[in-house]
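Student: Numbered by the working numbering, the letters in the sequence shown go through residues 1395 to 1593 in order.
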Amino acid sequence: MSENALFAPDLEIEVPIPGKTHDLDEQQLREVARRLRAYYQKGLLDWYQGNVDESGLSLMQAVVARCEKLCGGSPSIRLWWIAAGVIEALRDGGLESSVSVRRLLGLLDQQLKIISKDGALALAQPVPTELVKNLLYYLARSRSESARIASIRSTYRLDDLFVGEDASERAERILCGPDLESLKAVAAAIKEDLGRAKT
């Protein structure tokens, strides 16, 4: 059993953010999701390549903020609210850009793909439990103290759930997932997707 298995936040807690719904029709929603996905992929690729100006993370943060508004009033708002906190922690230096964190944020691309295909139906579906749980785990490890992150910590009682640095280091090895070569393969696939989108 991994150390992360001991980290069990209550994922049914209501998130303390406005529940506004978007006013887009189905076609508009899918089109917006497609555009957001293209921007997110560009930001993700820049971040994977280690560009020092943080333009990749900045673009990812802007996309996730838009997704928060897009998904207001739906179950998926939880995922984007937490993901925004993780990106914020990365940008302010409170969280290291580990392979695991890169992998988790890479999975958001798949969520955007689903929204671009299924529209409102995708927004109504429960968010992936393991993805949310693991994003919360890394927020619990972060040293960031922004208002958003403090709100997420308080909502999910992360300080009470976190098992400590030694355990988290072991969990990092267990949760590491794909190595750098795998991330390079993901980056290559994203480049290919972007190339096709431009043609």
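We treat Cβ as the ideally placed atom computed from N, Cα and C, and that holds for glycine.
S1494 lies in the alpha helix (DSSP H); which residues open and close that run?
Tutor: Run containing S1494: 1493 to 1512, per the alpha helix (DSSP H) assignment.
Student: Going by Cα to Cα distance, which pick from L1405, D1553, A1516 is closest to T1523?
Tutor: Among L1405, D1553, A1516, the Cα nearest to that of T1523 is on L1405.
Student: Check E1386 in the structure and name its three-state DSSP category.
Tutor: In the structure as shown, the chain starts at 1395 and stops at 1593, and residue 1386 therefore has no counterpart that could be examined.
Student: Take the Cβ of I1544 as the centre, count every other Cβ of all protein chains shown within 10 Å, and call the residue buried at 16 or more, exposed below.
Tutor: Going by the sequence as given, residue 1544 is Ala instead of Ile. It is exposed - the Cβ of A1544 has fewer than 16 other Cβ atoms within 10 Å.
Student: Can you grab the Cα-Cα spacing for the pair P1520 / G1467, in whole Å?
Tutor: Whole-angstrom Cα-Cα distance: 12 Å.
Student: Nearer than 6 Å: is that true of the beta carbon of Q1504 relative to any heavy atom of the ligand FAD?
Tutor: By its list of ligands, the structure shown contains no ligand whatsoever, and the ligand FAD lies outside what it can speak to.
Student: Kindly indicate which three-state DSSP category R1460 falls into: helix, strand or coil?
Tutor: Helix, per DSSP.
Student: Is the beta carbon of R1431 sitting closer than 7 Å to the one on L1506?
Tutor: Closer than 7 Å, so yes.
Student: If you follow the alpha helix (DSSP H) that Q1421 is in, where does it begin and where does it stop?
Tutor: Taken as a continuous stretch (DSSP letters only), the alpha helix (DSSP H) holding Q1421 covers 1420 to 1442.
Student: Which residue's Cα is closest to the Cα of A1514: A1582, G1437, P1412, S1470?
Tutor: For A1514, the nearest C-alpha among the options comes from S1470.
Student: Return yes when the Cβ of Y1442 is within less than 7 Å of the Cβ of V1457, no when it is not.
Tutor: No. Outside cutoff.
Student: Any idea what DSSP makes of L1405, helix, strand or coil?
Tutor: Note: L1405 maps to coil in three-state DSSP.
Student: Hey, how far is the Cα of S1510 from the Cα of A1427?
Tutor: Spanning the two alpha carbons is a distance of roughly 5 Å.
Student: Can you name the start and end residues of the alpha helix (DSSP H) that E1539 belongs to?
Tutor: Premise fails: E1539 is in no alpha helix (DSSP H) and is neither H nor E.
Student: What's the C-alpha gap between L1555 and I1546?
Tutor: Taking the straight line joining both Cα atoms gives about 13 Å.
Student: For S1366 versus G1500, is the C-beta distance shorter than 7 Å?
Tutor: What the structure shows of the chain is the stretch from 1395 to 1593, and residue 1366 is not part of that stretch, so it cannot be assessed.
Student: I'd like the list of long-range same chain contacts for E1581, defined as Cβ closer than 6 Å, with 5 residues on each side in sequence excluded.
Tutor: The sequence shown places Ala at residue 1581, rather than the Glu named in the question. Only L1439, Y1442 meet the Cβ criterion.
Student: On the CB-based measure, 16 or more other CB atoms within 10 Å of its CB, does I1407 come out buried or exposed?
Tutor: Result: exposed.
Student: Around the C-beta of Q1435, are 16 or more other C-beta atoms found within 10 angstroms, so that it is buried, or is it exposed?
Tutor: By the 10 Å Cβ count, Q1435 comes out buried.
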